[in-house]
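Numbering (this note's numbering), first residue to last: 3 to 100.
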(Lines of atoms letter the chains of each structure in order from A; the text may use other names.)
(Lines give C-alpha, C1' and ligand atoms only; values in the text may rest on other atoms or scores of the structure.)
Protein backbone atom coordinates (compact mmCIF):
# COMPACT_ATOMS: atom_id res chain seq x y z
CA UNK A 3 0.00 0.00 0.00
CA UNK A 4 1.12 3.53 -0.65
CA UNK A 5 0.65 5.74 2.41
CA UNK A 6 -0.04 9.44 2.14
CA UNK A 7 1.82 10.78 4.07
CA UNK A 8 4.45 9.79 6.60
CA UNK A 9 4.71 13.49 7.46
CA UNK A 10 1.52 13.21 9.55
CA UNK A 11 3.09 10.42 11.59
CA UNK A 12 6.37 12.30 11.94
CA UNK A 13 4.61 15.44 13.18
CA UNK A 14 2.56 13.48 15.69
CA UNK A 15 5.65 11.68 17.00
CA UNK A 16 7.33 15.05 17.60
CA UNK A 17 4.52 15.85 20.06
CA UNK A 18 4.06 12.33 21.49
CA UNK A 19 7.36 10.45 21.35
CA UNK A 20 5.96 7.53 23.38
CA UNK A 21 3.95 6.36 20.37
CA UNK A 22 6.83 6.31 17.86
CA UNK A 23 7.46 2.57 17.89
CA UNK A 24 3.76 1.73 17.54
CA UNK A 25 3.17 4.19 14.68
CA UNK A 26 6.31 3.04 12.88
CA UNK A 27 5.12 -0.56 13.21
CA UNK A 28 1.70 0.40 11.77
CA UNK A 29 3.40 2.23 8.92
CA UNK A 30 5.71 -0.66 8.01
CA UNK A 31 2.95 -3.29 8.18
CA UNK A 32 0.61 -1.12 6.11
CA UNK A 33 3.24 -0.26 3.52
CA UNK A 34 4.10 -3.94 3.07
CA UNK A 35 0.46 -4.96 2.71
CA UNK A 36 -1.52 -5.55 -0.45
CA UNK A 37 -5.09 -5.01 0.74
CA UNK A 38 -7.99 -5.59 -1.64
CA UNK A 39 -10.82 -5.37 0.88
CA UNK A 40 -11.57 -4.80 4.55
CA UNK A 41 -11.10 -8.52 5.31
CA UNK A 42 -7.47 -8.12 4.24
CA UNK A 43 -7.07 -5.18 6.61
CA UNK A 44 -8.52 -7.28 9.46
CA UNK A 45 -5.97 -10.02 8.77
CA UNK A 46 -3.18 -7.49 9.26
CA UNK A 47 -4.80 -5.50 12.09
CA UNK A 48 -7.37 -7.59 13.93
CA UNK A 49 -8.69 -4.61 15.92
CA UNK A 50 -9.30 -2.37 12.88
CA UNK A 51 -12.88 -1.18 12.33
CA UNK A 52 -14.71 0.22 9.35
CA UNK A 53 -16.36 3.55 10.21
CA UNK A 54 -17.98 4.30 6.84
CA UNK A 55 -17.16 6.21 3.68
CA UNK A 56 -13.96 4.20 3.07
CA UNK A 57 -12.58 5.20 6.45
CA UNK A 58 -11.06 2.78 8.92
CA UNK A 59 -9.90 3.21 12.49
CA UNK A 60 -6.82 1.50 13.90
CA UNK A 61 -5.98 1.05 17.56
CA UNK A 62 -2.41 2.15 18.19
CA UNK A 63 -0.27 1.29 21.22
CA UNK A 64 -2.74 -0.87 23.07
CA UNK A 65 -5.69 1.36 22.17
CA UNK A 66 -4.13 4.44 23.80
CA UNK A 67 -4.11 6.15 20.40
CA UNK A 68 -6.29 5.96 17.31
CA UNK A 69 -5.47 6.44 13.65
CA UNK A 70 -8.16 7.05 11.02
CA UNK A 71 -7.26 6.30 7.43
CA UNK A 72 -9.15 6.60 4.19
CA UNK A 73 -8.31 3.48 2.18
CA UNK A 74 -8.73 3.23 -1.57
CA UNK A 75 -8.25 -0.45 -2.31
CA UNK A 76 -8.09 -0.32 -6.13
CA UNK A 77 -5.23 2.17 -6.44
CA UNK A 78 -3.71 0.76 -3.19
CA UNK A 79 -3.57 4.12 -1.41
CA UNK A 80 -3.96 4.88 2.31
CA UNK A 81 -4.57 8.49 3.35
CA UNK A 82 -3.90 9.25 7.01
CA UNK A 83 -6.76 11.49 8.12
CA UNK A 84 -6.36 11.61 11.92
CA UNK A 85 -3.94 10.54 14.64
CA UNK A 86 -4.85 11.20 18.25
CA UNK A 87 -5.47 9.84 21.69
CA UNK A 88 -8.44 7.62 22.36
CA UNK A 89 -10.16 10.49 24.19
CA UNK A 90 -9.55 12.89 21.26
CA UNK A 91 -11.03 10.27 18.93
CA UNK A 92 -14.11 9.96 21.16
CA UNK A 93 -14.79 13.70 20.69
CA UNK A 94 -15.14 13.36 16.90
CA UNK A 95 -18.81 13.70 16.03
CA UNK A 96 -18.67 12.19 12.52
CA UNK A 97 -15.56 10.23 11.57
CA UNK A 98 -16.82 9.81 8.00
CA UNK A 99 -16.18 13.52 7.38
CA UNK A 100 -12.53 13.41 8.40
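Using N, Cα and C, we set each Cβ at its ideal position, and we do this for glycine too.
### Message
Three or more C-beta pairs under 8 Å: does that hold for the segment 47-63 against the segment 21-36?
### Response
yes
### Query
Any idea what DSSP makes of residue 1, helix, strand or coil?
Nothing can be reported for residue 1, as the shown portion of the chain is limited to 3 through 100.
### Distance, residue 76 Cα to residue 89 Cα
32 Å
### Top-ranked residue by Cα proximity to residue 39, from 19, 94 and 72
Of the listed residues, the one whose Cα sits closest to residue 39 is 72.
### Query
Based on Cα-Cα distance, which residue from 55, 10 and 78 lies nearest to residue 96?
55
#### Entry: Whole-angstrom distance between residue 34 and residue 86, CA atom to CA atom
23 Å
### Task
Compute the minimum distance between the beta carbon of residue 69 and the heavy atoms of the ligand FAD, and state whether it is under 7 Å.
Looking at this structure, you won't find the ligand FAD or any other ligand, since it has none at all.
### Task
Report the three-state DSSP secondary structure of residue 94 (helix, strand or coil).
Taken through DSSP and simplified to helix, strand or coil, residue 94 comes out as coil.
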